[in-house]
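So the protein sequences, as listed, match chains A and B.
Under my numbering, the letters of the first sequence match residues 11 to 121, in that order.
Under my numbering, the letters of the second sequence match residues 15 to 129, in that order.
We treat Cβ as the ideally placed atom computed from N, Cα and C, and that holds for glycine.
All of these numbers come straight from a predicted model, not from anything done at the bench.
Encoded as structure tokens, the structure appears first; notes follow it.
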Amino acid sequence: GENVEQHPSTLSVQEGDSAVIKCTYSDSASNYFPWYKQELGKRPQLIIDIRSNVGEKKDQRIAVTLNKTAKHFSLHITETQPEDSAVYFCAASGGSYIPTFGRGTSLIVHP
Amino acid sequence: DTEVTQTPKHLVMGMTNKKSLKCEQHMGHRAMYWYKQKAKKPPELMFVYSYEKLSINESVPSRFSPECPNSSLLNLHLHALQPEDSALYLCASSQQGPSSGNTIYFGEGSWLTVV
Chain A
11 GENVEQHPST
21 LSVQEGDSAV
31 IKCTYSDSAS
41 NYFPWYKQEL
51 GKRPQLIIDI
61 RSNVGEKKDQ
71 RIAVTLNKTA
81 KHFSLHITET
91 QPEDSAVYFC
101 AASGGSYIPT
111 FGRGTSLIVH
121 P
Chain B
15 DTEVTQTPKH
25 LVMGMTNKKS
35 LKCEQHMGHR
45 AMYWYKQKAK
55 KPPELMFVYS
65 YEKLSINESV
75 PSRFSPECPN
85 SSLLNLHLHA
95 LQPEDSALYL
105 CASSQQGPSS
115 GNTIYFGEGS
125 WLTVV
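Below, the structure written as structure tokens:
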């Protein structure tokens, strides 16, 4: 089955800095990589996703990059704001339509 | 509209009680899921229904019993739970098919406390 590793487990930045969260996956059949943001007490919400036929995707301050050869993908948040503070989960799916989640990154943005 | 609605939002139950969690989606999605989530941990898959049939049971104890009355509804029946079952229970749905992308949309969850 798929195995997804996510790092770091905690990330603390100052407001305005950039934040990068990295994930690796094991199943070369995986072809869909979503990222979820979960604020305290709320549901995980999809913030961006990427498919294996593209290498990068941007949406305002958020971008995701994918390196299929190395089997890793990353979330980049620029100009971080306090409201970006949350737990972020990466996931990978493809061989099975059930996504495998990473263990999560707790992002703290200090004002 | 990517809306999955769950009721109740909060539930406190004793270890001898029987209760149910309910979930509804009107996006025409053909797969529905139950996840269990502990604080700051990833969602943990419990059950998957595909086209109203149970397709995955992740070795969940029988005190949890899922039911899919129709393509829009998903229930989770709870009986004789233990305090360690206290968690956020998330319902989710996704559209299946070769071009689906497998995006999973979560409901707001039901916070369960077993006393």
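B/Q110 versus chain A: which residues are under 7 Å apart at the beta carbon?
Y107
Is there at least one Cβ from chain B nearer than 9 Å to A/D37's Cβ?
no
First and last residue of the uninterrupted beta strand (DSSP E) at B/H91:
B/H91 -> beta strand (DSSP E) spans 87-93.
Compute the beta-carbon to beta-carbon distance between A/Q24 and A/H120, rounded to the nearest angstrom, for a pair I have assumed lies under 8 Å.
5 Å
Beta carbon of B/C37 nearer than 9 Å to that of B/L87:
yes
Beta strand (DSSP E) runs wholly inside the stretch 39-92 of chain B, at least 3 long, in chain order
The DSSP assignment places 45-51, 58-64, 67-71, 78-84 as complete runs of the beta strand (DSSP E) inside the stretch 39-92 of chain B, in order along the chain (cut-off: 3 residues).
What three-state label does DSSP hand A/D27 in the structure shown?
coil
DSSP has B/T19 in a bridge; who is on the other side?
B/E38
Less than 9 Å between CB atoms is the rule here; does B/G28 satisfy it with respect to chain A?
B/G28 does not count as touching chain A.
Taking only the alpha-carbon atoms, compute the straight-line gap between B/K33 and B/H91 and give it to the nearest angstrom.
6 Å
Out of curiosity, what's the CA-to-CA distance linking B/H40 and B/T19?
If you take the alpha carbons of B/H40 and B/T19, they lie about 9 Å apart.
Considering A/A102, what are the terminal residues of the beta strand (DSSP E) in which it resides?
96-102
In the DSSP output, which residue or residues are listed as bridge partners for A/A73?
A/K68, A/H86
What does B/V62 touch in chain A if you count any residue whose Cβ is under 7 Å from its own?
I108
Could you name the residues of the same chain whose beta carbon sits closer than 6 Å to that of B/S69, not counting the 5 residues immediately before and after it, in chain order?
V62
Is there a Cβ of chain B sitting closer than 9 Å to that of A/P54, yes or no?
yes
So, at 6 Å on beta carbons, what are the nonlocal neighbours of B/Q109 in its own chain, with the 5 sequence-adjacent residues on each side left out?
H43
A/P44 lies in the beta strand (DSSP E); which residues open and close that run?
42-48
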